[in-house]
Amino acid sequence: MNKIHRQIIGISWLVLGTLIFSLLLLKLNSAINVAVVGGVLAGLLFIAGGFVLLANLRKLSWVCHPCALLSLLTFPLGTLISLYFLWYFFKSLQLARPNREG
149 MNKIHRQIIG ISWLVLGTLI FSLLLLKLNS AINVAVVGGV LAGLLFIAGG FVLLANLRKL
209 SWVCHPCALL SLLTFPLGTL ISLYFLWYFF KSLQLARPNR EG
């Protein structure tokens, strides 16, 4: 079940990252400014976060946390994806924690 959630979030972030890059290509003829550089970095971050989730690279999962924070700002779909990731992340932490009852 966790694999399905991880794949949905990873594919969503890959699509978001490529969408950011495609929109920046449309504005490529204008001068390079801070917004373009920030957009390139955000696109790379989303693509990296999507790849980390799809490849199940647990040691690089810290990349997903800035993606979740940035996607909170892209209302409404990015906010939903971010909340979905946070639900998945906290659910996986609960499953990884040993049961201390006894």
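Numbering (this note's numbering), first residue to last: 149 to 250. All residues carry an ideal CB built from backbone N, CA and C; glycine is no exception.
- The Cβ-Cβ distance between Val211 and Gly197 falls below 8 Å.
- Restricted to the stretch 170-223, the alpha helix (DSSP H) segments that are unbroken, complete and at least 4 residues in length are 182-203, 212-220, listed in chain order.
- Rounded to the nearest angstrom, the Cβ distance from Trp161 to Phe194 is 5 Å, consistent with a contact under 8 Å.
- Per DSSP, reduced to three states, the secondary structure at Arg154 is helical.
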